[in-house]
Amino acid sequence: MSTAPNLALRVLLPFAAGYFLSYLYRTVNAVLAPEITRSIALDAADLGLMTGAYFLAFAAAQPALGILLDRYGPRRIEAGLLLFAAAGALAFSWAGAAPTLIAGRALVGFGVAACLMAALKANVQWFPPDRLALVNGIVLSAGGLGAVAATAPVQAALAVTDWRGVYALLAVLTVASAAWLFLAVPERRDGHLGLSLADQLREVGAIVRSPLFLRVAPATMLSMGGFMAVQGLWAGPWLRDVAGLSSGGAAAGLTVMAAAMAAGFLLMGVIAERLGRLGVPTIRVAAAGMAVSWLASLAMALGVDEAPLLLAGIYGFFGTAASLNYAVLTQGFPARLAGRVNTSVNLAIFVAAFAIQWGLGAVIGLWPADNGHWPAEAHQMALAIPVALNAAALAWFMAGARTSAAKS
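Quick note: the sequence shown uses our numbering, first residue 124, plus one each step.
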């Protein structure tokens, strides 16, 4: 096996760069939305659908992704898919109407669908088990840095270009990332188990019908999906319309949220690992973090506008807690099913993210907009729906967390 520094340069960094771009794409419209709506007539529902199309296409790719990664390897799959993302970004930059915007975002979502799953697969292939928590955390933190880059830096870039220029630049960077992955990452093929496609799909069915998956998935999809939907689009309008911040202040709030998210992805795993040594199950750490995230979303739904930057930081940090459930789920199944377990829960998360992001826009759009701004009550009523659903799912999840703790 190659030395650790060589592995970092040839494996870890190329995949981390891909996930950086994936998260940048996911969240950039939170800053660009006002510019896009001024250029192309979009109501709130159009805006939610346009941005949420990323999540829908991303989710649609997940069922086949685990099988493809196992069969052809993460290097080939991610490098190839990133070219679709670049094409989608270019189409988005040329768009003159909502349908082209939606198609471009969908193509981007499809193209970055493998960025995290491919990285996790590559880490298992190239790093020893005792390093996985660290290298996985580095990849997840790279996504958080992508979210940071999508806030104040993008706002600053608008002083020298427009939203079309931003997407055109992203297309170029995405092609460069695909080339880096394909040329730098060594090839390593797993031994194929020889299972037929029908057998592999039956195993996926067994995963999603299992008691553990049915206990963990609902809260995971609503907590993480809701966080992604808000952080990726509606947090910016909330900071402007409810908290009363200027465009610059809202961009600062989004930067705080994204930076806290980057820290959360890394530190929640560290916290879970340390508490695990003391006998605290990961599922209980996830439950506690998800509860704090829910309280922050409840504060937003109630229109709490004191210290909005602090609220953004709390929501950003603890909004990552549901990511611990990747480990909770994979530990409950044979190692050979890990790829399909992760992509199954990823599918649920991104379906929820699309539905919530679009649904929030549909509800907010029931109120008339004033120069791209909506009344505070529009945001409050919209956010109340996912907050209520998440409360029920968390109650179901926490019952399982208590049972897990009792058995440990």
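Each residue gets a CB set at the ideal place from its N, CA and C atoms; glycine is no exception. Here the structure is a predicted model, which means the values were calculated and not measured.
Residue j beta carbon less than 9 angstroms from that of residue i
i: L304; j: R198; result: yes
i: A273; j: Y146; result: yes
i: L204; j: A342; result: no
i: A242; j: G141; result: yes
i: M380; j: A208; result: no
i: L452; j: V308; result: no
i: G488; j: A218; result: no
i: G267; j: A386; result: yes
i: F473; j: F215; result: no
i: W249; j: R311; result: yes
i: L335; j: G455; result: yes
i: K244; j: G196; result: yes
i: A221; j: I261; result: no
i: A395; j: A450; result: yes
i: A352; j: F477; result: yes
i: I190; j: L320; result: yes
i: L292; j: L224; result: no
i: N465; j: M240; result: yes
i: Q354; j: Y438; result: yes
Contact belief for residue i with residue j at Cβ below 8 angstroms, rounded distance in angstroms
i: A156; j: G482; result: That pair is no contact at about 16 angstroms.
i: G376; j: L296; result: That pair is no contact at about 25 angstroms.
i: V327; j: D428; result: The pair is not a contact, with the Cβ atoms about 44 angstroms apart (cut-off 8 angstroms).
i: G426; j: A501; result: Not a contact, Cβ separation roughly 11 angstroms.
i: W286; j: I159; result: 5 angstroms
i: L506; j: M384; result: The pair is not a contact, with the Cβ atoms about 18 angstroms apart (cut-off 8 angstroms).
i: A275; j: A187; result: The pair is not a contact, with the Cβ atoms about 37 angstroms apart (cut-off 8 angstroms).
i: V134; j: L206; result: Actually they do not touch by this definition, with Cβ atoms about 20 angstroms apart.
i: I330; j: L192; result: Actually they are not in contact, since the Cβ atoms of I330 and L192 sit about 16 angstroms apart, beyond 8 angstroms.
i: V151; j: V277; result: 6 angstroms
i: G171; j: G484; result: 2 angstroms
i: A382; j: A265; result: That belief does not hold up - the Cβ atoms of A382 and A265 are roughly 13 angstroms apart, past 8 angstroms.
Three-state secondary structure (DSSP) of residue i
i: D493; result: strand
i: S346; result: helix
i: L425; result: coil
i: G219; result: coil
i: D169; result: helix
i: G402; result: coil
i: V258; result: helix
i: F456; result: coil
i: L368; result: coil
i: A528; result: Per-residue confidence for A528 stands at a pLDDT of 48, beneath the threshold of 50, marking its modelled position as unreliable; no derived number is given.
i: I163; result: coil
i: V235; result: coil
i: N129; result: helix
i: T378; result: helix
i: G196; result: coil
i: M124; result: A caution first: M124 carries a pLDDT of 43, below 50, which makes its placement in the model unreliable, though a value can still be read off. Three-state DSSP puts M124 in coil, outside helix and strand.
i: F181; result: helix
i: G442; result: coil
i: V474; result: helix
i: S333; result: coil
i: P137; result: helix
i: A414; result: helix
i: P251; result: coil
i: V468; result: helix
i: F520; result: helix
i: V451; result: helix
i: P498; result: coil
i: A461; result: helix
i: V151; result: coil
i: A430; result: coil
i: G488; result: coil
Cβ pair count under 8 angstroms reaching 3, the region 461 to 470 against the region 236 to 250: yes
Quick check for students: name the residue ranges of the alpha helix (DSSP H) that lie wholly in the region 266 to 318, counting only runs of 4 or more. 275 to 280 and 286 to 307
Decide yes or no for the touch test of the region 172 to 179 against the region 225 to 232: beta carbon pairs closer than 8 angstroms, at least 3 of them. With the cut-off at 8 angstroms, the region 172 to 179 and the region 225 to 232 touch.
Check whether the region 402 to 410 touches the region 441 to 448, taking contact to mean three or more Cβ pairs, one atom from each stretch, closer than 8 angstroms. yes
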